[in-house]
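In mature numbering (1 follows the signal peptide of the UniProt record, and there is no 0), the protein residues as written are -22 to -1, 1 to 348. The beta-carbon is built from N, C-alpha and C at its ideal position, and this holds for glycine as well. Since we're looking at a predicted model, the values are computed, not measured. Read the structure below first, then the notes.
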Amino acid sequence: MLLSLLAVPLLMVSRPLPRVLCLHTGGTLGMDAEQSYEPDGVDGHVHLKPGTGGSFSPAGALRPGAMLNNLLSAVPELRAYANLRLEIPFNLDSCRVGPPEWVKLAKILHRNRDHYDAFLIVHGTDTMAYTASALSLLLAGFKKPIVMTGSQLPLSMPRSDARQNLIDSVTCATSFFAPPHTQLQEVAICFGGRLMRGNRAQKVHSSTYRAFDSINYPPLATLGVDVDWNMSYLLKVKGVYRPRFNLDTRVIRVPIIPGCDPRTAYGDLKARNVRGVVLESFGVGNMPDLPRLGWLPWLKKTVKQGIKVYLSSQCASGPLHPELYKSGKAAMDMGVEAGPQMTPEAAVIKLMLCLAYPDIPLGVPIAGEL
Ligand SMILES: *[C@@H]1O[C@H](CO)[C@@H](O)[C@H](O)[C@H]1NC(C)=O
């Protein structure tokens, strides 16, 4: 009797909520709904305008306090999961986000690593997979959850997917603080009811709510009535944390097209200031083998010039075995590198990193990217 009486107040002394730093970087989620929603518009489509009703200072800058208030009044449940702090490093349509912004975000995350339990990044969907790949590689070994999300419709619009994506993301980011105490140690994208490894995910649909998929790797978790974790697929960080803040962006993707001669299409890449090529071959690593078709002579010259060439495939899934074909084998013998399949997003950024840090091997994973 006495025990049970005591138990009540003890239970009420709840543990402090996990501290989550939310970085709002722009995108559809924070866009202004009122002025941009034209349900009866001429073409019957939704038109969006950048902005966040009431979150702007008179000078036009987004105010973090107002933005957080907006977020918490639209999704009050978030308060129950986490002690949220919000920063706005930049407010950009993600088509404008690139290497300078990736490095800026990586530095903010690095500076705050010890001060928060988890990180949430709100980002436009178009280049979210690139940013996720970049952060995972720049911050290899970070060990704390970094969950990225966004939405297909602004938070303040009816039928928006923003609310659910935000709640799902915070649930995943703070998963360690509730049973079964899952330890998420990686950069992940949470979207449309799934948590995916950031450097394995791709935007696969421009308008449905399931806009992201991870074709070559199972989802880390599926969020339905329950949150089902795929425990064995979570990244287990063993190495030391080693942040890096440089990328050599002189990288291009080259798809092999039947009938296209790379000598005329791409020519002398060194003269064009290219330092790395992700070569997108056929199938398991095949390419036109006859010298007159241009690919092998062009590759030989390119590799000789000191340009790093990484072999990947035009197939979205399945393994790479360039050694199985004469042309693939010839390319490897010339010094073209290959490893297991990466998404194109992860492959170009891994190449950017390896060019800046030649000690990092291209074909060996540093953040579960292959
Ligand atoms: C876990 O991974 C398997 C593939 O190995 C997949 O079929 C399944 O849907 C995943 N489960 C969840 C809960 O995401």
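Give the secondary structure of residue 72 by DSSP, where H, G and I count as helix, E and B as strand, and everything else as coil.
Your numbering for residue 72 matches position 94 in the sequence shown. Correct three-state label for residue 72: helix.
Mind checking who residue 264 pairs with in its DSSP beta bridge?
For the purposes of this step, residue 264 is identified with residue 286 of the sequence shown, where counting begins at 1. DSSP, once it has assigned bridges, lists 260 as partnering residue 264.
Count the other CB atoms, across all protein chains shown, that sit within 10 Å of the CB of residue 106; report buried if there are 16 or more and exposed otherwise.
For the purposes of this step, residue 106 is identified with residue 128 of the sequence shown, where counting begins at 1. Label assigned to residue 106: buried.
Run the Cβ filter for me: residues under 5 Å from any heavy atom of ligand 1, listed in the order they occur in the chain.
Those satisfying the condition are, in chain order, 196, 197, 200, 206 and 208.
Take residue 248 as the anchor and find which of 230, 60 and 214 has the nearest alpha-carbon.
The residue labelled residue 248 in the question sits at position 270 within the sequence shown. Ranking 230, 60 and 214 by Cα distance to residue 248 puts 230 first.
Can you say whether residue 243 is buried or exposed, counting buried as having 16 or more other CB atoms within 10 angstroms of its CB?
As a working note, residue 243 is residue 265 in the sequence shown. So residue 243 ends up on the exposed side.
Which residue marks the beginning of the alpha helix (DSSP H) containing residue 282, and which one marks its end?
Position 304 of the sequence shown, counted from the start, is the residue given in the question as residue 282. Run containing residue 282: 273 to 282, per the alpha helix (DSSP H) assignment.
Secondary structure at residue 183, three-state DSSP: helix, strand or coil?
Start at 1 with the first residue of the sequence shown, and residue 183 comes out as number 205. If DSSP states are grouped into helix, strand and coil, residue 183 belongs with coil.
What's the gap between the Cα of residue 133 and the Cα of residue 7?
On the sequence shown, residue 133 is found 155 positions in, with the first residue counted as 1. On the sequence shown, residue 7 is found 29 positions in, with the first residue counted as 1. Spanning the two alpha carbons is a distance of roughly 5 Å.
Would DSSP call residue 99 helix, strand or coil?
Numbered from its first residue, the sequence shown carries residue 99 at position 121. Residue 99: strand per DSSP, three-state reduction.
Are residue 202 and residue 187 close, meaning C-beta to C-beta below 8 Å?
The sequence position of residue 202 within the sequence shown is 224, counting from 1. The sequence position of residue 187 within the sequence shown is 209, counting from 1. Not a contact, by the Cβ cut-off of 8 Å.
Using the C-alpha atoms, what's the distance from residue 183 back to residue 342?
In the sequence shown, residue 342 corresponds to position 364, counting from 1. In the sequence shown, residue 183 corresponds to position 205, counting from 1. Roughly 30 Å between the two C-alpha positions.
For residue 159, list the residues DSSP reports as bridge partners.
Within the sequence shown, residue 159 is the residue found at index 181, counting from 1. In the DSSP output, where bridge partners are listed per residue, residue 159 has none listed.
Ends of the alpha helix (DSSP H) at residue 297?
Taking the sequence shown and counting its residues from 1, one reaches residue 297 at position 319. From DSSP, residue 297 is part of no alpha helix (DSSP H); its letter is neither H nor E.
Reducing DSSP to helix, strand and coil, say where residue 323 ends up.
In the sequence shown, counting from the first residue as 1, residue 323 sits at position 345. Residue state, collapsed to three classes: helix.
How would you write the range of the alpha helix (DSSP H) that residue 399 sits in, first residue to last?
Outside the displayed span of the chain (-22 to 348) sits residue 399, for which this structure offers no information.
Determine the closest residue to residue 173 out of 306, 104 and 150, with distance taken between C-alpha atoms.
Taking the first residue of the sequence shown as position 1, residue 173 is located at position 195. Checked all of 306, 104 and 150; the closest Cα to residue 173 is 150.
Considering only DSSP beta bridges, list what residue 174 is partnered with.
What you label residue 174 is simply residue 196 of the sequence shown in a count that begins at 1. In DSSP, residue 174 forms a bridge with 167.
Suppose you measure from the CA of residue 278 to the CA of residue 306; what does that come to, to the nearest Å?
Within the sequence shown, residue 278 is the residue found at index 300, counting from 1. Within the sequence shown, residue 306 is the residue found at index 328, counting from 1. Near 12 Å, if we compare the C-alpha coordinates of residue 306 and residue 278.
Among the candidates 55, 309 and 190, whose CA atom is the shortest distance from the CA of residue 265?
For the purposes of this step, residue 265 is taken as residue 287 along the sequence shown, with counting starting at 1. Comparing Cα positions, the closest option is 309.
Measure the alpha-carbon distance for residue 153 versus residue 282 and round it to whole angstroms.
Indexing the sequence shown from 1 puts residue 153 at position 175. Indexing the sequence shown from 1 puts residue 282 at position 304. Going by the C-alpha atoms only, they are around 49 Å apart.
Determine the closest residue to residue 260 out of 273, 9 and 254, with distance taken between C-alpha atoms.
Walking along the sequence shown from the start, residue 260 turns up at place 282. Per the Cα distances, 273.
Give the single residue among 79, 90, 114 and 298 whose Cα lies nearest to the Cα of residue 347.
Here the question's residue 347 lines up with position 369 in the sequence shown. Of the candidates 79, 90, 114 and 298, the one whose C-alpha sits nearest the C-alpha of residue 347 is 114.
Is it true that the CB of residue 64 sits closer than 8 Å to the CB of residue 46?
Looking up residue 46 in the sequence shown gives position 68. Looking up residue 64 in the sequence shown gives position 86. For residue 46 and residue 64, yes; Cβs fall inside 8 Å.
Determine, using beta carbons only, whether residue 111 and residue 5 come nearer to each other than 8 Å.
Along the sequence shown, read from residue 1 onward, the residue named residue 111 stands at position 133. Along the sequence shown, read from residue 1 onward, the residue named residue 5 stands at position 27. Not in contact: residue 111 and residue 5 (Cβ atoms no closer than 8 Å).
Looking at residue 97 and residue 162, is the spacing between their C-beta atoms short of 8 Å?
As a first step, residue 162 is located in the sequence shown; it is residue number 184 there, counting from the start. As a first step, residue 97 is located in the sequence shown; it is residue number 119 there, counting from the start. No.
Could you please give me the residues that DSSP links to residue 226 through a beta bridge?
Stepping through the sequence shown from its first residue, residue 226 is reached at position 248. Answer by DSSP bridge pairing: none, since residue 226 is not bridged.
Using 10 angstroms around the beta-carbon of residue 209, count the other beta-carbons present and answer buried if the total reaches 16, otherwise exposed.
Sequence index remark: in the sequence shown, residue 209 carries index 231 (1-based). Burial call: exposed.
State the DSSP-derived secondary structure class of residue 248, mapped to helix, strand or coil.
Mapped onto the sequence shown, residue 248 falls at position 270. Here residue 248 sits in coil by DSSP.
With distance defined between alpha-carbon atoms, name the residue in 103, 121, 109 and 68 nearest to residue 94.
Your numbering for residue 94 matches position 116 in the sequence shown. The shortest C-alpha separation from residue 94 is found at 121.
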